[in-house]
Every structure is written in C-alpha cells, then in structure tokens.
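So the sequences go chain by chain: A and B.
Taking my numbering, I'd label the letters of the first sequence as residues 855 to 965.
Taking my numbering, I'd label the letters of the second sequence as residues 197 to 309.
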Amino acid sequence: SQQGEEDPQALSIQEGENATMNCSYKTSINNLQWYRQNSGRGLVHLILIRSNEREKHSGRLRVTLDTSKKSSSLLITASRAADTASYFCATLPSGTYKYIFGTGTRLKVLA
Amino acid sequence: ETGVTQSPTHLIKTRGQQVTLRCSSQSGHNTVSWYQQALGQGPQFIFQYYREEENGRGNFPPRFSGLQFPNYSSELNVNALELDDSALYLCAGHRGQSNTEAFFGQGTRLTVV
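Dropping the structure here:
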C-alpha cells in the first residue's frame, strides 16, 4: 500500500517560476526523504528531514514537514528546464526499516 | 554520484527463466535494500539486508531472494519469471539500518517476454 501520496500528480510551469509539491502520509515516521528521478532512471537523493525538524534548505530546495498534519512540501525556487523530472517522497514509518514511496509528481519546466 | 552501481542496466528474459541482478555499494553501506518500480509507479520495497542477513521483506513471493556479501555488494535473484516482473529494479545502500539517507543506483530495467 502507498504511504505517501504526492500532489499534484503532474505540474507544468515556466522556467524561473517556483514549483511546489506536497506529500501526505498516514502513520508516524522517523524521517521523510525527497528524491528526483529522470526518465525512469535511478533515484537521486535531494533532502532528508527528520521527524523533529520542521524545515530544511538545500540550494534552491526548501522542504517543510508538519507531523501534526502528516504532510510535507518540496519547494523548488527559480526552476530550470533541467529540473524536469519526477519527484517522490519516501517515508520511513516509526519502528520500521523500509521506505515507502508515493506515486510521484511529474514536473515539467518549460524553457 | 551516489556510490551505488547496478548491473546490467538492461535485461530481457523469457517467462519462466531465472535472473540475477547485481549491486555494488560503497564502503560503509552495511545495509542494502532492493525495490521494484513498475512503469508510472513509485518504488515498492522488496527486502533489506543488514550485515549479510535478510532483516525485512515486503509483499513479494519467495521466488524473489537475495544475498549480501562482505564487500558491500549484493544480488537480487528472481526465479520463474512472470510477465508482471517487468520493471525497474533499484538497489539502495544505507549506513545503518534506519533513519539515514538511502543512496540509489541507476537501476536495472528488466523486461520479461
């Protein structure tokens, strides 16, 4: 079963705009990670945020975590055509060892 | 560069055959996990190995098996291949068993015909 649900399923924006993707999950977690995947290739790790953290930044990426709402968001600022990819959230439920992925958001950045 | 490499990158097999996929992780990744990703879906957890022993399995039948070796390499074996086994298979290396980043390889695209 899917723990994480990304929203929206697909997003199309112009280069330079910001892109926001959301992830909701069902159970308490140890951490949540965001990954990028280009054209069915491997997953590239973007950011890990632990359950006791509320916000993290990495370059043009900003991730927030709201454990009370069981949700996270990924913001990509000043998007580029190279950001075109699928983005997945993966949660590590408390007391478990396996990451559970959502179905992803397909982001298309138009030049 | 994740430090995790998988081979082969692409593979075509016939239904009923057996396949072995390989993963090589960097030093310190004492945990390896395998995932199956069907087209248009998120990755699904197959199993995890920690210090050469399986310590967790997802909802996959016993014909999916694995091995982890002391040199941080591992294998995923699938027997009696079925058409639905066609997918991208991803290997991830971790430091420790949980609460750490998982670093993924580029995957092996398996097609069963």
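Glycine included, C-beta positions come from ideal geometry on N, C-alpha and C.
Suppose contacts are defined by Cβ-Cβ distances below 9 Å. Is residue i in contact with residue j by that definition?
i, j, result
"R904/A", "V898/A", "no"
"C287/B", "Y231/B", "yes"
"E909/A", "T921/A", "no"
"R804/A", "A944/A", "Only positions 855 to 965 of chain A appear in the structure, and residue 804/A is not among them; the question remains open."
"C877/A", "G949/A", "no"
"G262/B", "S269/B", "no"
"Y285/B", "Q213/B", "no"
"L886/A", "A873/A", "no"
"V215/B", "S221/B", "no"
"L928/A", "M875/A", "yes"
"G301/B", "V200/B", "yes"
"S925/A", "W888/A", "no"
"T304/B", "L207/B", "yes"
"Y951/A", "Q244/B", "yes"
"V274/B", "D281/B", "yes"
Let me check one thing: in DSSP terms, what residues is residue i bridge-paired to?
i, result
"I901/A", "W888/A"
"P258/B", "P258/B pairs with nothing; no bridge assigned."
"E250/B", "Y245/B"
"R305/B", "H206/B, L284/B"
"V336/B", "There is simply no residue 336/B to check, as chain B begins at 197 and stops at 309 in what is shown."
"G289/B", "V228/B, F299/B"
Could you tell me which chain A residues have their CB closer than 8 Å to the CB of residue i, listed as they occur along the chain?
i, result
"G271/B", "A small correction: the amino acid at residue 271/B is Glu; Gly does not occupy that position in the sequence shown. Here the premise fails: no neighbours, minimum Cβ distance about 18 Å."
"F241/B", "K952, Y953, I954"
Quick check on DSSP: helix, strand or coil for residue i?
i, result
"A234/B", "coil"
"A936/A", "helix"
"L284/B", "strand"
"L277/B", "coil"
"T881/A", "coil"
"T874/A", "strand"
"G245/B", "Looking at the sequence provided, one finds Tyr at residue 245/B rather than Gly. Three-state DSSP puts Y245/B in a strand."
"E859/A", "strand"
"S270/B", "strand"
"K962/A", "strand"
"F955/A", "strand"
"S925/A", "strand"
"H225/B", "coil"
In chain B, which residues lie with their C-beta within 9 Å of the C-beta of residue i?
i, result
"Q887/A", "E297, A298"
"G894/A", "Q233, L235, L284, G303, R305"
"L915/A", "In chain order: nothing, as chain B lies at least about 14 Å away."
Which residues of chain A have a Cβ atom closer than 7 Å to the Cβ of residue i, listed in chain order?
i, result
"G252/B", "Y951, K952"
"Q244/B", "Y951, K952"
With residue i and residue j assumed to form a contact (beta carbons below 8 Å), what rounded beta-carbon distance in angstroms separates them?
i, j, result
"E860/A", "G958/A", "6 Å"
"T198/B", "V309/B", "Rounded, the Cβ-Cβ distance is 30 Å, inconsistent with contact."
"I901/A", "S912/A", "5 Å"
"A935/A", "E869/A", "6 Å"
"Q233/B", "E248/B", "At roughly 25 Å, the Cβ-Cβ gap does not stay under 8 Å, so Q233/B and E248/B are not in contact."
Under 8 Å Cβ-Cβ, which residues of chain B neighbour residue i?
i, result
"H899/A", "T198, E297, A298, F299, F300"
Name, please, each residue of chain B whose Cβ falls closer than 7 Å to the Cβ of residue i.
i, result
"T957/A", "Q237, G238"
"L902/A", "E297"
Along chain A, which residues have their Cβ under 9 Å away from the Cβ of residue i?
i, result
"S229/B", "Y951, K952, Y953"
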